[in-house]
Amino acid sequence: KNEVEQSPQNLTAQEGEFITINCSYSVGISALHWLQQHPGGGIVSLFMLSSGKKKHGRLIATINIQEKHSSLHITASHPRDSAVYICAVKGERDTGNQFYFGTGTSLTVIP
Amino acid sequence: KAGVTQTPRYLIKTRGQQVTLSCSPISGHRSVSWYQQTPGQGLQFLFEYFSETQRNKGNFPGRFSGRQFSNSRSEMNVSTLELGDSALYLCASSFTDRNEKLFFGSGTQLSVL
Numbered sequence: 010k011n012e013v014e015q016s017p018q019n020l021t022a023q024e025g026e027f028i029t030i031n032c033s034y035s036v037g038i039s040a041l042h043w044l045q046q047h048p049g050g051g052i053v054s055l056f057m058l059s060s061g062k063k064k065h066g067r068l069i070a071t072i073n074i075q076e077k078h079s080s081l082h083i084t085a086s087h088p089r090d091s092a093v094y095i096c097a098v099k100g101e102r103d104t105g106n107q108f109y110f111g112t113g114t115s116l117t118v119i120p
Numbered sequence: 040k041a042g043v044t045q046t047p048r049y050l051i052k053t054r055g056q057q058v059t060l061s062c063s064p065i066s067g068h069r070s071v072s073w074y075q076q077t078p079g080q081g082l083q084f085l086f087e088y089f090s091e092t093q094r095n096k097g098n099f100p101g102r103f104s105g106r107q108f109s110n111s112r113s114e115m116n117v118s119t120l121e122l123g124d125s126a127l128y129l130c131a132s133s134f135t136d137r138n139e140k141l142f143f144g145s146g147t148q149l150s151v152l
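Chains as they are written, first to last, in this note's numbering: chain A, 10 to 120; chain B, 40 to 152.
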């Protein structure tokens, strides 16, 4: 059983399209992270959320604590957005404050 | 400001050996966490250190251990290496052990033959 589920697993979009990646989790959490990993590259943290919504440039992340769901939106997608996007949650004390990770969404943006 | 530095970048070991990986956090960061990434299992949490104390631990066997020094640098050790330990080992740092944005190193790619 995966504590964190992401969808879709793979996503291909045309440049300029609006993209949504979803993340659902089953444990109580203290925070949720959205990470970006380029092929052969390291991991960059995009957002850390514990409630509400955050925006950075063309990226928007939202979280609904009651529904245990988060979304990452990319507006006006660009080929440089092509990467794997990973949802990670930090569990609460009853889970040992562990991190749990989704399997990632591989995004390809075509020019 | 230098980022998170992990050494070595690549490492080849044989089964049964042990290995030590190093992580130097961003200056001023006192929390260091370690992760294993494999194609089959994805990212998995190993442990988290803050002020030289292990705060949290993932579900890995006792062969995986770590420590943090007074300058916040951290090392991770894997004893009695198995083929399945082949993976990218990543560390991340943050200012405190509270929920903050994580800054990741480039990782150490370990191959066990």
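Every residue gets a Cβ at the ideal spot worked out from N, C-alpha and C, and that includes glycine.
Taking 7 Å as the cut-off, the beta carbon of B/L60 is found closer than this to the beta carbon of B/M115.
Per DSSP, the unbroken beta strand (DSSP E) holding B/G81 starts and ends at G81 to F89.
Inclusion of A/L68 and A/I52 in the CB contact set at 7 Å is not warranted, their separation being larger than that value. Against chain A, the CB of B/N110 has no partner CB under 7 Å away; the residue lies outside that interface.
Ranked by how close their Cα comes to the Cα of A/T104, the residues A/V36, A/G25 and A/N31 have A/V36 in first place.
Three or more Cβ pairs closer than 8 Å define a contact, and the segment 69 to 81 of chain B falls short of that threshold against the segment 83 to 94 of chain A. Rounded to the nearest angstrom, the gap between the Cα atoms of B/A41 and B/K140 is 16 Å. Residues of chain B whose Cβ lies closer than 7 Å to the Cβ of A/Q107 are, in chain order, F84, N95 and G97. At least one CB of chain A lies nearer than 7 Å to the CB of B/F143. The C-alpha of B/N110 is placed about 22 Å away from the C-alpha of B/F103. A/V98: member of the beta strand (DSSP E) spanning A92 to G100, first to last residue. Residue state for A/T104 is assigned as helix, using DSSP reduced to three classes.
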